[in-house]
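Chemist:
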Amino acid sequence: MRLEPIADPSLARRLLPPVLAIAGSFLVASLLALIAGGNPLAVFGAIIKGAVGSKFALLETLNRATPLIFTGLAVAVAFRAKLWNIGAEAQLYAGAVVTAVLGTGVLQWPAALLLPTIAILSMLAGALLLLGPALLKTRLGVDEVVTTLLLNFIFLLFVSYLLEGPLKDPMGMGWPKSPRLIEEARLPRIVEGLRLHWGFVLALIAAVALWIINTRTTLGFEMRAVGQNAEAARFAGMPVTGVILKTALLSGGLAALAGFSEVSGLKGSLTLDISPGYGYTGIVVAMLALLHPLGVVAAALFVAAIFVGANAMSRALDVPTYLADIMLASALLMMVLAILLTKFRVVRD
Amino acid sequence: MDIFEILTSAAFWAAAIRIASPLIFATMGELICERAGVLNLGIEGIMVAGAFAGWIAVWAGLPLWGGVAVAFVTGMAFGLLHGIFSVPFGLSQHVVGIGVTLLATSLTFYTYRVVLPEVSSPPKITAFQPVEIPLLSKIPLIGPALFNQTPLTYAAFILVGLVALVLYRTPLGLAVRAAGESPSAVAAQGLSVTAIRMGAVIVGSGFMAVGGAFLTLSAFDSFFFDMVNGRGWICIALVVFGVWKPGKALLGAILFAAFDALQIRLQQTTIGAVVPYQLFLMLPYILSILALVLMSRRAEVPAALMVPFNKGER
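Line by line, the protein sequences give chains A and B. Throughout the first sequence, residue numbering follows my numbering, covering 33 to 381 in sequence. Throughout the second sequence, residue numbering follows my numbering, covering 72 to 385 in sequence.
1) Taking A:Ser293 as the reference, which of A:Gly327, A:Ala217, A:Val107, A:Arg248 has the closest Cα?
2) So, helix, strand or coil for A:Glu224, using DSSP?
3) Can you tell me whether DSSP reads A:Arg380 as helix, strand or coil?
4) Looking at C-alpha atoms only, which residue of A:Ile118, A:Ala122, A:Thr131 is the closest neighbour of B:Thr172?
5) Taking only the alpha-carbon atoms, compute the straight-line gap between A:Val275 and A:Leu139 and give it to the nearest angstrom.
6) Could you check whether A:Ala159 and A:Gly285 sit closer than 8 Å to each other, using their CB atoms as the reference points?
7) How long is the line joining the alpha carbons of B:Arg385 and B:Ala249, rounded to whole angstroms?
8) Measure the C-alpha to C-alpha separation of B:Gln338 and B:Leu354 and round it to an integer number of angstroms.
9) Against chain B, does A:Ile338 count as a neighbour if the rule is that its beta carbon must be under 8 Å from one of theirs?
10) B:Ser367 CB to nearest chain A CB: under 8 Å?
11) Inspect the beta-carbon positions of A:Lys236 and A:Leu147 and report whether they are closer than 8 Å.
12) Exposed or buried, what is B:Met147 when buried is set at 16 or more other beta-carbons lying within 10 Å of its beta-carbon?
13) I need the straight-line Cα distance from B:Leu212 to B:Ile325, nearest angstrom please.
14) Under three-state DSSP, which class holds A:Glu176?
15) State the beta-bridge partners of B:Val410 as determined by DSSP.
16) Could you please give the first and the last residue of the uninterrupted beta strand (DSSP E) stretch that includes A:Leu35?
17) In the DSSP assignment, find the unbroken alpha helix (DSSP H) run with B:Ala122 in it and report its ends.
18) Is the stretch 260 to 268 of chain A in contact with the stretch 56 to 71 of chain A, if contact means three or more CB pairs nearer than 8 Å?
19) Quick one: what does DSSP say A:His229 is sitting in, helix, strand or coil?
20) In or out: B:Phe218 buried (at least 16 other Cβ within 10 Å) or exposed?
21) Since B:Lys319 sits in a beta bridge, which residues does DSSP pair it with?
22) Give the DSSP-derived three-state secondary structure of A:Thr303 in the structure shown.
23) Which residues in the same chain have their Cβ closer than 6 Å to the Cβ of B:Leu286, if we skip the five residues on either side of it in sequence?
24) Which residues in the same chain have their Cβ closer than 8 Å to the Cβ of A:Asp350, if we skip the five residues on either side of it in sequence?
25) Beta carbon of A:Met319, beta carbon of A:Ala53: below 8 Å?
26) Please return the same chain residues whose Cβ sits closer than 7 Å to the Cβ of A:Gly82, not counting the five positions on each side in sequence.
27) Count the CB pairs spanning the stretch 299 to 307 of chain A and the stretch 188 to 208 of chain A that are closer than 8 Å, and state whether there are at least three.
28) List the residues that DSSP assigns as beta-bridge partners of A:Lys209.
29) Cβ atoms of B:Trp304 and A:Leu115: under 8 Å apart, would you say?
30) So which of B:Pro205, B:Ser177, B:Gly275 has the shortest CA-CA distance to B:Leu233?
31) According to DSSP, simplified to helix, strand and coil, what is A:Val138?
32) How many Å lie between A:Glu36 and B:Thr265 at the Cα?
33) When the cut-off is 8 Å and only beta carbons count, does B:Asn381 lie next to chain A?
34) At what residues does the alpha helix (DSSP H) containing A:Leu322 begin and finish?
35) Can you tell me where the alpha helix (DSSP H) with B:Gln349 in it begins and where it stops?
36) Note down the Cα distance separating A:Ala321 from A:Thr249, rounded to an integer number of angstroms.
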C-alpha cells in the first residue's frame with residue numbers, strides 16, 4: 033500500500049475520519065467494559081451522569097479541565113512548531129513550586145499585586161525548565177523528547193526533596209506537603225459558594241491569547257513555518273533557532289500556569305500528587321484539538337468529563353477507572369490516523 | 072565502607088549486572104527498531120505491559136520461561152500496533168510512541184484491576200533463581216559477578232551477541248541497517264522497506280517487553296504499578312550512548328547500572344547521611360541526559376531514523 037495526497041478533500045472526507053476515531057475509542061472502551069463484566073450502555077450512562085449529571089459533577093469537570101487546558105495549550109504550541117515537549121508535567125510542578133514558595137507568607141502583598149507576580153514568576157520557572165532541553169536541541173541536536181521526559185523524573189524527585197525538607201509544613205503531621213497559602217495568594221472563586229476558581233477563566237484567556245498569537249502575530253506565523261518545514265523556514269530567512277527557543281518559553285510558561293492554578297486556585301498547598309499526569313494528558317488534549325488553541329478548550333472539557341465521569345462510574349459499577357485512560361490513549365492514536373486520512377487516501381499497489 | 076571498597080566487591084558488580092539486565096533487553100529492542108529507522112517511544116509502556124504479562128502468566132500457572140514467552144508476544148502485539156501506525160502510515164513516531172506507551176500502561180493497569188480486583192498487595196510468584204556456572208563462577212571478582220546470575224541475565228548477554236551477529240553478519244541484518252540508512256536503496260533492491268521495518272519494530276518491542284518481565288520474573292517476584300519507572304526512557308538514552316551498536320550499548324548499560332548500584336550503596340554511607348536521598352535517585356536520569364549530551368557531537372544517527380518511507384514519493 034501507499035499514500036496518495038487528496039488534492040481537494042470533500043467535507044465528508046474531512047469530517048468522517050475524526051468522528052470515526054472518537055467512535056472507535058468508545059467501541060474499544062465498550063469491549064473492555066464488557067470484559068470487566070459491565071454493560072457498556074450502563075458504563076457510559078454512569079460516565080455521563082458522573083461528569084455532567086449534577087451541579088457538583090459539572091463544577092468538578094470544569095475544575096479538572098482547568099489544568100488540562102493549560103497543559104494542552106503548552107503541548108499544542110510546542111508540537112505545532114515540532115518542538116516535542118513531553119515535559120509539561122515537570123513544568124507544571126515548576127509553577128506549583130514557585131507558587132508554594134512565594135504564596136506562603138514571604139511576600140505580604142495585596143492580592144492584586146501578589147497574584148500576578150506569582151503567576152508571572154511561575155511562568156518564568158516553567159519557561160526556563162524547558163529552555164534547557166530546547167537549547168540542547170538547537171545547539172547539540174539532542175532529542176528533546178528524551179530530555180524532557182527524563183527531566184520529569186528529576187524534577188519530581190526535586191519536589192519530593194523540597195516537601196520533605198525546606199518547603200515542609202511544620203504543622204503537616206509529617207506529611208510531605210507545603211504550608212497553606214496565605215489568603216492573598218489564593219485565586220478567588222468566581223461565584224461565592226461554588227467550587228470553581230478564577231484559574232478556569234485564566235485558562236480560557238490563555239487559550240484566546242494563544243489563538244491570537246497563532247493567527248495574528250509574526251511569531252505565530254514563524255512557529256507554524258518552522259513546524260511545517262524548518263529547512264524552508266531557514267532558507268526564507270527566518271531565525272529558526274530563535275523561534276524554537278521562543279516556542280519553548282511560551283510552552284513551558286503555559287504548562288507552569290497549570291501548577292500555579294492548581295496550587296493557588298484549587299488545593300491551597302503543594303503536595304506531590306497535585307497532578308495525576310496532567311502533563312501527559314495534555315498531549316492527548318492537544319492532539320484531539322488538532323493543536324488548535326480553542327479546540328484545546330473543547331478537548332480539555334471532553335477529557336476532563338471522561339476522567340471525572342469514569343471515577344464516579346468506577347465507584348458505582350466496579351469497572352476500573354483506568355477505562356478512561358485507555359479510551360483517551362486509543363482516541364489519541366486513532367485521531368492521528370484520522371487526521372492523516374483526511375488528507376491522504378490509501379492506494380493498493 | 073568507602074567507594075574503593077564498594078567498587079572492588081563482587082556483590083557490587085553482581086548487583087550492577089542484575090540491574091543492567093532489563094536495560095540490556097530493552098536497549099537491544101530499541102536498537103533494533105532504530106537501526107531499521109523507527110524511534111519506538113512505546114518502550115516505556117511496552118516494558119510495563121511485559122512486566123505484567125509475564126508475571127500474571129506465571130501466577131496463572133505457566134512455567135517461568137512460559138511467562139517470558141507471554142511477555143515477548145505481548146510486546147510483539149504492541150510492536151505491531153506501533154508499526155502499523157508509524158511504518159505504512161508514516162505517522163509521527165513521537166506521537167505514536169507516546170500513544171502506545173499511554174495505551175499499554177493503561178491497558179495493563181486496567182487488566183490488573185480486572186484480574187485482581189480485591190487484592191491490596193499483589194501476589195508473589197517463585198522467580199528465577201541464580202544458577203552458578205561451574206568453574207567460571209570461581210574466578211575472583213568476575214566469577215560471582217557474572218557467572219552466578221539468573222538464567223534471564225545470561226539470556227540478555229546472549230541476546231547482545233545474537234543481535235550483533237544478525238545485524239553485521241547476515242543479509243537480514245544488512246537489510247535492516249539499510250532500511251534505517253537508505254530506504255530507497257532497499258526498495259531499489261526489490262525488498263520491502265515496510266516489511267523490514269515492521270518486522271524490526273515487532274521483534275524489538277518483544278525484547279522490550281522481556282526487559283520488563285525481567286523485573287517481575289527475576290529481579291523481584293511481584294508486579295507494582297510504578298515498577299518500570301522511566302527505565303524505558305533511559306534505554307532510549309543508552310541506544311544513543313552506545314552509538315547504535317550492540318556491544319557499546321551493552322557496555323553503556325553496565326556502566327549505567329554500576330552507577331545505579333553505587334548510588335544505592337552510597338545512600339547507606341556517611342555521604343548518604345548528609346545528602347538527601349532524592350539526589351541519589353536523580354542520578355540515573357541526570358546521567359542519561361549527560362550521556363546524550365556527551366554523545367551528541369559524535370552520534371552517528373541512522374540517516375533515515377524517524378523518516379517515513381512512502382514509495383509514491385520518490
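Every residue, glycine too, gets a C-beta built ideally from N, C-alpha and C. Bear in mind that the values here come from a model prediction, so they are computed numbers and not experimental data.
Modeler: Once the coordinates are examined:
1) It is A:Ala217 whose Cα lies nearest to the Cα of A:Ser293.
2) In this structure, A:Glu224 counts as coil in the three-state DSSP scheme.
3) Reduced to three states, the DSSP call for A:Arg380 is coil.
4) Nearest of A:Ile118, A:Ala122, A:Thr131 to B:Thr172, Cα basis: A:Ile118.
5) A:Leu139 has its alpha-carbon roughly 35 Å from the corresponding atom of A:Val275.
6) A:Ala159 is positioned such that its CB atom lies closer than 8 Å to that of A:Gly285.
7) Only weak support is given to the placement of B:Arg385: the predicted model assigns it a pLDDT of 43, under 50, and the value that follows is read from those uncertain coordinates. If I take the Cα positions, the gap works out to 17 Å.
8) Their Cα atoms are separated by approximately 12 Å.
9) For A:Ile338, no CB of chain B lies under 8 Å from its own CB, so it is not counted at the interface with that chain.
10) Closer than 8 Å: yes.
11) Before going on, a small fix: residue 236 of chain A reads as Leu here, not Lys. For A:Leu236 and A:Leu147, no; Cβs fall outside 8 Å.
12) With 16 or more Cβ atoms within 10 Å of its Cβ, B:Met147 is classed as buried.
13) Straight through space, the alpha carbons of B:Ile325 and B:Leu212 are spaced by roughly 15 Å.
14) A:Glu176: helix per DSSP, three-state reduction.
15) The displayed coordinates of chain B run from 72 to 385. Any statement about residue 410 of chain B would go beyond what the structure contains.
16) In the DSSP assignment, A:Leu35 falls within the beta strand (DSSP E) that extends over 34 to 37.
17) For B:Ala122, the uninterrupted alpha helix (DSSP H) run begins and ends at 114 to 130, by DSSP.
18) Judged by Cβ distances under 8 Å, the stretch 260 to 268 of chain A makes no contact with the stretch 56 to 71 of chain A, as fewer than three pairs qualify.
19) The DSSP-derived three-state label of A:His229 is strand.
20) Buried: at least 16 other Cβ atoms inside 10 Å.
21) BP columns for B:Lys319 are empty, so no partner.
22) Strand, per DSSP.
23) Only Pro93, Ala122, Met298 meet the Cβ criterion.
24) Closer than 8 Å at the Cβ level, and outside the excluded window around A:Asp350, lie Ala68, Gly69, Gly70.
25) For A:Met319 and A:Ala53, no; Cβs fall outside 8 Å.
26) Excluding residues within five positions, the ones whose Cβ falls inside 7 Å are Ala89, Val340, Gly341, Asn343, Ala344, Met345.
27) Between the stretch 299 to 307 of chain A and the stretch 188 to 208 of chain A, the count of Cβ pairs shorter than 8 Å is three or higher; the stretches touch.
28) Its beta-bridge partners are A:Thr303.
29) Not closer than 8 Å, so no.
30) Among B:Pro205, B:Ser177, B:Gly275, the Cα nearest to that of B:Leu233 is on B:Gly275.
31) A:Val138 falls in the coil class under three-state DSSP.
32) Approximately 16 Å between the Cα atoms of the pair.
33) It does: the Cβ of B:Asn381 has a partner Cβ on chain A nearer than 8 Å.
34) Element bounds for A:Leu322: n/a, residue is neither H nor E.
35) Counting along the chain, the alpha helix (DSSP H) containing B:Gln349 begins and ends at 348 to 367.
36) If you draw a straight line from the Cα of A:Ala321 to the Cα of A:Thr249, it comes to about 21 Å.
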